[in-house]
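Its first residue numbered 57, the sequence shown is counted upward by one per residue in my numbering.
In this text, a Cβ means the ideal position worked out from N, Cα and C, and glycines have one as well.
Source: prediction; values computed, not measured.
Everything on this sheet refers to the single structure shown next.
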Amino acid sequence: MRLTEQEKQLIERASAATGSRLTTWCINNLLADAKRDLHANDIIQLSDEAFEEFIEHLDEPLTDVQKQFLSYQPEWA
Numbered sequence: 057m058r059l060t061e062q063e064k065q066l067i068e069r070a071s072a073a074t075g076s077r078l079t080t081w082c083i084n085n086l087l088a089d090a091k092r093d094l095h096a097n098d099i100i101q102l103s104d105e106a107f108e109e110f111i112e113h114l115d116e117p118l119t120d121v122q123k124q125f126l127s128y129q130p131e132w133a
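Following this line, the structure appears as structure tokens:
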């Protein structure tokens, strides 16, 4: 990976601030960001057909089971 001197120093400071080795800090942060980006992609992207189907389901009336579930009051409430 090519970094400017300022970028490298910033990363080194961040790893030192957390008490992590540079490689460990980089891997942990890269993996966390990769998972976040993939998760966001999985959630946000629907085909037009899938989105229309989703909207249709939202417009359907609730079933008796769904109504019962929504009216349930747990003991701790």
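**Q.** Boundaries of the alpha helix (DSSP H) in which residue 106 is found, first to last residue
**A.** 104-115
(Q) To the nearest angstrom, how far is the alpha carbon of residue 112 from that of residue 99? (A) 18 Å
Q. What first and last residue would you give for the alpha helix (DSSP H) that runs through residue 80?
A. 78-100
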